[in-house]
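> Take this structure first; my questions come after.
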Amino acid sequence: MALLQIYEPGETPAPHENDADVAVGIDLGTTNSVTAVSVDGKAEVLRDEDGQALVPSVVAYAPDGSPIVGGLAKSLIAMRPDSVVSSIKRLMGRGIEDIKSVAGHLPFTVEPAPEGEAAGASRMVRLNVDGHKLTPVEISSHILTALKERAEGVLDREVSRAVITVPAYFDDAARTATKDAARLAGLEVLRLVNEPTAAALAYGLDKEAEGLYAVYDLGGGTFDISLLRMEKGVFQVLSTGGDAALGGDDFDHAVAEHFLKDWTGKTPGSGAVKQAVAMAREVKEALSAEDQGTWTLELDGEEQSFALDRAAFEAMIEPLVKRTIRICEDVLDDADVTPDRVKGVVLVGGSTRVPLVRKMVAGLFGREPLADIDPDEVVAVGAALQAEALTVGSDTLLLDVTPLSLGIETMGGLTEKIIPRNTPIPVAKAQEFTTYQDGQSAMAIHAVQGEREMVDQNRSLARFTLRGIPPMTAGAARIRVTYAVDADGLLTVSAREETTGTEQSIEVKPSYGLSEDEMSQMLYDSMKHAKDDMTLRLLAESRVEAGRAVGAVKAALEIDGDLLTDDDRKAIDAIVAETEAAVAGEDRDAISAAVEKLEEGTRVFAEQRMDRGIRAALRGVEVERLDKAAHERDQQGEEQAASPDDRPKSAEAGD
Amino acid sequence: MQAKAEGAARSNNAAAEQDIVQACWSCHGPVAVGDPFCSSCKAVQPPGQADHFQRMGLERSFDVDIDALEKAYFRMQRDLHPDRFATKTPKEKSLSQQQATSLNDAYETLKDPLDRAVYLAHLKGLDVLKEGCNALNDPVILMEAMEMREALAEAESADEVSDLTRRAQGDIADCEKELTSAFLGTDMDHIGTLITRLKYLRKLADETRFRRAELRSMA
Ligand SMILES: [Zn+2]
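Quick mapping for you: the protein sequence lines, in order, are chains R and V. Converting from the first sequence to this note's numbering requires adding 50 to each position, the first position being numbered 1. Converting from the second sequence to this note's numbering requires adding 69 to each position, the first position being numbered 1.
Right, dumping it as structure tokens:
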């Protein structure tokens, strides 16, 4: 069902004809989502026929469970509040405990994962949306599916790869949940990029900015502040901070609470709260432009009007804005930078349109913030630029950091940091631990994320047990625990007993993520294209691998082809041609077989090349040694060294 | 043919012993040890065993030219960062991640004077213990530590704390200068003491930072 007829406006860049599919950038926001595409370094956001770039991140569920995403879903909030979900991003990777604090603001029932489920089931919460039990990952995947389909409509080609942005302050669980949602939607995530970094990329490339910049990103549900150094195409994040549960939605809730507090009727139900929040958002937007206004709220058939001026509104939200300013100060302090050294402050996120926010940010940095790129679109633009950089290539480079410290639980419930926050990624760090009991055969490893001393105040990421430690006296075992964070900011933990080599490694599946079983079940259930997708992906992977192998052989022939007899050469050329023919076909097994044959058929050639390389290297060493000897002799004023022509001969004498 | 094979085997050993050449995992041809890319097929290679100074092409010394370090770091990350390998084979992706990880490790270690000092001392055979306490036997340092800590406990405003931060930073700069000359000599005990002093000065500076954040959030 097409909700919006999307056609291609003149300005949308047409991807190159020969691209089978195109990689897009997606800003998957709390309130709105935006998709953009970049061709030849020029990024454009994708718009519908009304010129709208913003797709409300709102999903309505029809009685049969089919999702409706975007503006239409948003317009259904008032009519059918129980079947419409918004701000799902706030629940990504969160457990039931985490969200009790926000639950008051969530007008739908949140349920923990059913008790007594088979082992391996996740602890991920379910939302009861009008009788349908849905995880945040599923709801998020419905938004991504809609964005993917819209993009395919506008670009008139398949979209299967994307760069998706996440708040810098998103923890491991929320990042994994986002990747899972994309996978469910049939999108390969090329990279998760932090939103402020994406904004800086869009901004820096556009303005050719150099020096220190701060990106202040206040979205609907999250706040991020990042400090970056931009220099000749390198975007280096120095420090980052934020609050994953603070955003413009909180402004709305503060205003809504004010209305409901004064409500003369009975206790408002969940529908009433939703309506009050929706009106509060209008109030916020209106008071960003006007000085005052009057609004009418109709609840349960009862009408009431409220007058509010900007000063009163600002008084309500000031504590929230102050919290962001304090976080900014901490981040500057972390990087040892005073506000006056910051050359510019980039504003990101719709909530930065609120005048009080601009005023307080300007106050901190002593300069007017920059907002000439639409703060709602700048992140998607940066994501699109990065998508192009990753698939087509680019001169720019993003160097990002870990937003939160990664640690391990030690005796007494304390956290020992293994990778401190603001460490450039990818990173790997190891720490050694030992047993504390004689004969201890297992060690529990509990990975946590956060800055607090006590483990239970940090976020639990994963637990696993290293077993099979041989009996030793307490303190004799040497257990090396390694934390590795990849360029997406995702953690892998491995543990190894050094004296025996007992090893265990897990990719951290967050406690509140989907289990592998659930993931495959969902993929199996939901996706018409799941199986085809898998086959296609495997075929694509084989082709990339075969391309590498053919390229390697061709390069070797170019350089060392003279080592081969004519017959040998012909034989290798034939296998190369065979492999290329297989790559052009659709048979994955044939491609793998051809690659194997290619490796086999070039083995002797490779040995010959190694011989030559080693001889050349030895000759180099020999020349160096003779040079040195000659130099020493020269210094002693003795006779001249052998003429240069003699040297290679003496080096090759061993042949 | 026989002789040739033997010759090759011999030179192979000799080359391996001298760590000059190894086989490229992709085209199986020769690659000079330490080269991040194969010169014939351009495939990315494993990061290998180079120490941080070698990796960044710098002389092994405490006195590091930070500009040169950053230039080398950016230049190498431009080629080796996983973002350059998003469409490559899983093996190449994994090798690029290893390379970028090694670069980050080298860069972070050499950029930070304390980490650099600890690392350089380690290369010179001195392992300064994690909770190093050689210096706590030093009464002068002990007094200094107690005095600063007292001042921090008594500071009541963010400004007062900032003064202490500046003082600590001045001491840190002095200590680093002393380390520069100490590393020119061979007195490893003295180097150990200076590193421990630097360590606690840095911890103190961090504490002033936390304290300031605390005072801010109470304001
Ligand atoms: Zn090669």
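Glycine residues also receive a C-beta, built at the ideal position from the N, C-alpha and C atoms.
So which residues of chain V does residue 441 (chain R) contact, with C-beta pairs closer than 7 Å?
Result: 155 and 156.
> Please name the residues in the segment 432-465 of chain R whose beta-carbon is closer than 7 Å to at least one beta-carbon of chain V, in chain order.
Per Cβ criterion, the list reads 439, 440, 441, 447, 448 and 449.
> Taking 6 Å as the limit between beta carbons, can you name the residues of its chain near residue 284 (chain V), skipping five residues before and five after?
Contacts found: 227.
> Taking Cβ-Cβ distances shorter than 8 Å, what residues in chain R pair up with residue 95 (chain V)?
598, 599 and 602, listed in chain order.
> Could you tell me if the beta carbon of residue 51 (chain V) falls within a distance shorter than 7 Å of some heavy atom in ligand 1?
This structure cannot settle anything about residue 51 (chain V), because the visible part of chain V is limited to 70 through 288.
> Please tell me whether, using a cut-off of 7 Å, the distance from the CB of residue 109 (chain V) to the nearest non-hydrogen atom of ligand 1 is below it.
Yes, the beta carbon of residue 109 (chain V) sits closer than 7 Å to at least one heavy atom of ligand 1.
> Can you look up residue 99 (chain V) in the DSSP assignment and give me helix, strand or coil?
Looking at residue 99 (chain V) - three-state DSSP - the assignment turns out to be strand.
> Taking the alpha-carbon positions, what's the residue 388 (chain R) to residue 244 (chain R) distance?
So the two alpha carbons sit approximately 23 Å from each other.
> Alpha helix (DSSP H) containing residue 118 (chain V): first to last residue?
First-last for residue 118 (chain V): undefined, no H or E at that position.
> Is the separation between the beta-carbon of residue 241 (chain R) and that of residue 287 (chain R) shorter than 8 Å?
No, the Cβ-Cβ distance between residue 241 (chain R) and residue 287 (chain R) is not below 8 Å.
> Against residue 89 (chain V), what residues of chain R qualify as contacts under a CB-to-CB distance less than 7 Å, listed in chain order?
Per Cβ cutoff of 7 Å: 667 and 671.
> Taking three-plus beta-carbon pairs below 8 Å as touching, is the segment 453-460 of chain R in contact with the segment 496-509 of chain R?
Short answer: they touch.
> Starting from the N-terminal side, write out each stretch of the alpha helix (DSSP H) that is 4 residues or longer and does not extend beyond the segment 355-401 of chain R.
Those alpha helix (DSSP H) runs which fall completely within the segment 355-401 of chain R and span 4+ residues are 360-384.
> Going by beta carbon distance, what residues of the same chain come within less than 7 Å of residue 168 (chain R), once the five residues before and after it are set aside?
Confidence in residue 168 (chain R) is poor, its pLDDT being 40 and thus under 50, which makes the residue's placement too unreliable to answer from.
> Can you pull the chain V neighbours of residue 473 (chain R), defined as C-beta to C-beta under 8 Å?
Within 8 Å Cβ-Cβ: 173 and 177.
> Once DSSP output is grouped into helix, strand and coil, what is the label at residue 421 (chain R)?
Three-state DSSP puts residue 421 (chain R) in coil, outside helix and strand.
> Here's the rule: buried if 16 or more other CB atoms are within 10 angstroms of the residue's CB, otherwise exposed. What is residue 77 (chain V)?
Its pLDDT being 40, under 50, residue 77 (chain V) is placed unreliably in this model, and the value from its coordinates should be taken loosely. The residue in question, residue 77 (chain V), is buried, as its Cβ has 16 or more Cβ neighbours within 10 Å.
> Got a sec: does ligand 1 put a non-hydrogen atom nearer than 7 Å to the Cβ of residue 601 (chain R)?
No, the Cβ of residue 601 (chain R) stays beyond 7 Å of every heavy atom of ligand 1.
> Taking residue 490 (chain R) as the reference, which of R:618, R:508, R:515 and R:133 has the closest Cα?
Of R:618, R:508, R:515 and R:133, the residue nearest in Cα terms is R:515.
> If we ignore side chains and look at the alpha-carbon of each, how far apart do residue 51 (chain R) and residue 272 (chain R) end up?
Note that residue 51 (chain R) scores 32 on pLDDT, short of 50, meaning its location in the model is unreliable; the coordinates nonetheless yield the value given after this. Those two C-alpha atoms are separated by around 32 Å.
> Which residues does DSSP list as the beta-bridge partners of residue 479 (chain R)?
Looking at the DSSP assignment, residue 479 (chain R) forms a beta bridge with R:533.
> Could you give the DSSP three-state label for residue 271 (chain V): helix, strand or coil?
Note: residue 271 (chain V) maps to helix in three-state DSSP.
> Taking DSSP as the reference, what is the three-state secondary structure of residue 515 (chain R)?
Here residue 515 (chain R) sits in strand by DSSP.
> Taking residue 146 (chain V) as the query, report the chain R residues whose CB atoms sit under 7 Å from its CB, ordered along the chain.
Residues of chain R passing the Cβ test: 447 and 449.
> Does the beta-carbon of residue 182 (chain R) have 16 or more other beta-carbons within 10 angstroms, so that it is buried, or is it exposed?
With 16 or more Cβ atoms within 10 Å of its Cβ, residue 182 (chain R) is classed as buried.
> With a threshold of 7 Å (Cβ to nearest heavy atom), would residue 656 (chain R) be considered close to ligand 1?
Checking the Cβ of residue 656 (chain R) against ligand 1 gives no.
> State the Cα-Cα distance for the pair residue 644 (chain R) and residue 612 (chain R), rounded to the nearest angstrom.
Rounded to the nearest angstrom, the two C-alpha atoms are 24 Å apart.
> For residue 467 (chain R) and residue 505 (chain R), what's the separation of their Cα atoms in angstroms?
Going from the Cα of residue 467 (chain R) to the Cα of residue 505 (chain R) covers about 11 Å.
> Please check if any C-beta of chain R sits within less than 8 Å of the C-beta of residue 278 (chain V).
Yes - at least one Cβ of chain R is within 8 Å of the one on residue 278 (chain V).
> How far does the beta strand (DSSP E) with residue 230 (chain R) in it extend, from its first residue to its last?
Looking at the DSSP string, residue 230 (chain R) is not in any beta strand (DSSP E); the run it does join, the alpha helix (DSSP H), is 222-234.
> Any heavy atom of ligand 1 inside 7 Å of the beta-carbon of residue 112 (chain V)?
At least one heavy atom of ligand 1 is nearer than 7 Å to the Cβ of residue 112 (chain V), so yes.
> Kindly examine ligand 1 and report whether one of its heavy atoms sits closer than 7 Å to the Cβ of residue 98 (chain V).
Within the cutoff, so yes.
> Please classify residue 168 (chain R): does DSSP put it in a helix, a strand, or coil?
Since pLDDT at residue 168 (chain R) reaches only 40, below the 50 mark, its modelled position is unreliable, and the value read off the structure follows with that caveat. Looking at residue 168 (chain R) - three-state DSSP - the assignment turns out to be coil, as it is neither helix nor strand.
> Can you give me the start and stop residues for the beta strand (DSSP E) that residue 290 (chain R) sits inside?
That run of the beta strand (DSSP E) goes 284-293.
> How about residue 476 (chain R): is its C-beta nearer than 8 Å to some C-beta of chain V?
Residue 476 (chain R) counts as touching chain V.
> Return no unless some Cβ of chain R is closer than 8 Å to the Cβ of residue 244 (chain V).
Not closer than 8 Å to any Cβ of chain R, the Cβ of residue 244 (chain V) fails to qualify, so no.
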